[in-house]
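Throughout the sequence shown, residue numbering follows numbering that gives the first Met the number 0, covering 0 to 363 in sequence.
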Amino acid sequence: MVQSKVYFTTFRTTMHENLQQKLMRLMLTAGMDKIDFENKYVAVKLHFGEPGNLAYLRPNYAKTVVDLIKQLGGKPFLTDCNTLYVGGRKNALDHLESAYQNGFNPYNLGCHLLIADGLKGTDDVEVPVNGEYVKNAKIGRAIMDADIIVSLTHFKGHEMTGFGGAIKNIGMGGGSRAGKMEMHSAGKPIVYEDKCIGCNACAKACAHGAPILENRKMHIDHDKCLGCGRCIGACPVDAIDAANDESATVLNCKMAEYTKAILQDRPHFHISLICDVSPVCDCYGVNDVPIISDIGMLASFDPVALDLACADACNKMPRNEVYDYAKDDKDLFHALHTITDWRAQITHGVKIGLGSDRYELIEI
Numbered sequence: 000m001v002q003s004k005v006y007f008t009t010f011r012t013t014m015h016e017n018l019q020q021k022l023m024r025l026m027l028t029a030g031m032d033k034i035d036f037e038n039k040y041v042a043v044k045l046h047f048g049e050p051g052n053l054a055y056l057r058p059n060y061a062k063t064v065v066d067l068i069k070q071l072g073g074k075p076f077l078t079d080c081n082t083l084y085v086g087g088r089k090n091a092l093d094h095l096e097s098a099y100q101n102g103f104n105p106y107n108l109g110c111h112l113l114i115a116d117g118l119k120g121t122d123d124v125e126v127p128v129n130g131e132y133v134k135n136a137k138i139g140r141a142i143m144d145a146d147i148i149v150s151l152t153h154f155k156g157h158e159m160t161g162f163g164g165a166i167k168n169i170g171m172g173g174g175s176r177a178g179k180m181e182m183h184s185a186g187k188p189i190v191y192e193d194k195c196i197g198c199n200a201c202a203k204a205c206a207h208g209a210p211i212l213e214n215r216k217m218h219i220d221h222d223k224c225l226g227c228g229r230c231i232g233a234c235p236v237d238a239i240d241a242a243n244d245e246s247a248t249v250l251n252c253k254m255a256e257y258t259k260a261i262l263q264d265r266p267h268f269h270i271s272l273i274c275d276v277s278p279v280c281d282c283y284g285v286n287d288v289p290i291i292s293d294i295g296m297l298a299s300f301d302p303v304a305l306d307l308a309c310a311d312a313c314n315k316m317p318r319n320e321v322y323d324y325a326k327d328d329k330d331l332f333h334a335l336h337t338i339t340d341w342r343a344q345i346t347h348g349v350k351i352g353l354g355s356d357r358y359e360l361i362e363i
């Protein structure tokens, strides 16, 4: 297998080059300008950060990516899909408000923001992938309408996938609510009866009659349920949730297949920043101290090689000893979250042709 090239630079700066200028140089050295951006719609996939969390990437980095795309003739927009869980990004209105609060707005960035799967997370496209676990991935429509995909990822730990890298940013982040249901759950939504107020909103949102009211409490008939997740978005008291019962290995494999569905048949480029490496996802409304010191910025055309290079770099760093790690576990992310299996996304990504697990690290 041919080695993929992954370009790397530290966060060290000089009086002649700040971090945004260094990121620009990294992208150009890595060959992003070789893509034909002229008059093309470019989806810049990133995480806007959950309100209360301060570990997400600063908007300044996104602006640098947007500026280069515009210089190359492209029409960029920042995008993400609504969340499956309860929080500040559950629907497009709250999602945009959260993004604005965190500094992502058209006036700062020079481009618009689109929530890819629409107001309630139901505006998606079924994309054939014919994978081992996923046959048709459910992707936010605006992402699939784009001509080019550029991912900008905050590389950090994750309590379910081991780490959150480019594959998670694209695959999980690009899935609609139904797509996220498919990746997270081996089953169907569940109702927490102690929260349920019997308002019937979920039943009105369901086209298949799956929510059933009994004794003033709803339950989901899994024989009728298709797993679209509309009931989760409809519930006013957040009494419905995904089962989150998929194994860590299968979850990572499904993410890789969703990533392939999004990237196949069109140009793509990927940037990851290893900074403020929080132990869990930016989806929480809080962030803890970093598990390692900041490392740098990396870029590649290959999302698999990029994720592996990031993980390898993190594993070479001294650990923040305020955390409890599994004894004698040399892998940082598994030592922190022992139920996870991050290598599955790499192995499966190679298997399905998403990218390579052999890379050449080129420091600039």
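The beta-carbon is built from N, C-alpha and C at its ideal position, and this holds for glycine as well.
{"Check": "DSSP state of residue 312 mapped onto helix, strand, coil", "Outcome": "helix"}
{"Check": "Status (buried if at least 16 other CB within 10 Å, exposed otherwise) for residue 196", "Outcome": "exposed"}
{"Check": "Rounded straight-line distance, which links the Cα of residue 66 to that of residue 58", "Outcome": "12 Å"}
{"Check": "C-beta atoms of residue 77 and residue 152 nearer than 9 Å", "Outcome": "no"}
{"Check": "Span of the beta strand (DSSP E) around residue 135", "Outcome": "135 to 139"}
{"Check": "Completely contained alpha helix (DSSP H) runs for the stretch 179 to 210, where each covers 4 or more residues", "Outcome": "200 to 204"}
{"Check": "Runs of beta strand (DSSP E) lying entirely within the stretch 26 to 91, each at least 3 residues, in chain order", "Outcome": "40 to 44, 74 to 79"}
{"Check": "Cut-off 7 Å between Cβ atoms - residues of its own chain near residue 295, not counting five sequence neighbours on either side", "Outcome": "7, 8, 9, 10, 273"}
{"Check": "According to DSSP, residues forming a beta bridge with residue 127", "Outcome": "135"}
{"Check": "Spatial neighbours of residue 248 in its chain, beta-carbon cut-off 8 Å, leaving aside the 5 residues before and after", "Outcome": "340, 343"}
{"Check": "Extent of the continuous beta strand (DSSP E) to which residue 216 belongs", "Outcome": "216 to 219"}
{"Check": "Environment of residue 262 [buried if 16+ CB atoms lie within 10 Å]", "Outcome": "buried"}
{"Check": "Identity of the residue in 209, 213, 230, 228 nearest residue 220 by Cα", "Outcome": "209"}
{"Check": "Reference residue 266, options 145, 61, 97, 92, closest by Cα", "Outcome": "145"}
{"Check": "Spatial distance of residue 34 from residue 75 (CA atoms)", "Outcome": "14 Å"}
{"Check": "Sub-9 Å separation of residue 85 and residue 26 beta-carbons", "Outcome": "no"}
{"Check": "Contact between the stretch 114 to 124 and the stretch 81 to 98 (3+ Cβ pairs under 8 Å)", "Outcome": "yes"}
{"Check": "Residue 317 burial status per 10 Å Cβ neighbour count (16 or more: buried)", "Outcome": "exposed"}
{"Check": "Alpha-carbon spacing of residue 177 relative to residue 164, whole angstroms", "Outcome": "21 Å"}
{"Check": "Option in 70, 82, 140 with minimal Cα separation from residue 110", "Outcome": "70"}
{"Check": "Cβ neighbour criterion (16 or more within 10 Å) applied to residue 53", "Outcome": "exposed"}
{"Check": "Cβ shell of residue 18 (< 7 Å), same chain only, five flanking positions each side left out", "Outcome": "10, 12"}
{"Check": "Euclidean distance between Cα positions of residue 329 and residue 211", "Outcome": "49 Å"}
{"Check": "Segment contact flag, the stretch 130 to 142 with the stretch 99 to 110, C-beta cutoff 8 Å, min 3 pairs", "Outcome": "no"}
{"Check": "Rounded separation between residue 350 and residue 160 - CA only", "Outcome": "18 Å"}
{"Check": "Pick from 326, 73, 346 that is closest to residue 37, judged by C-alpha positions", "Outcome": "73"}
{"Check": "Buried or exposed by the 16-neighbour rule on C-beta atoms within 10 Å, applied to residue 255", "Outcome": "buried"}
{"Check": "Environment of residue 320 [buried if 16+ CB atoms lie within 10 Å]", "Outcome": "exposed"}
{"Check": "Close-in-space but distant-in-sequence residues of the same chain around residue 359 (CB under 8 Å, 5 per side omitted)", "Outcome": "2, 3, 4, 5"}
{"Check": "Cβ-based neighbour list, residue 46, same chain, cut-off 7 Å, excluding 5 preceding and 5 following", "Outcome": "55, 79, 153, 168, 172, 281"}
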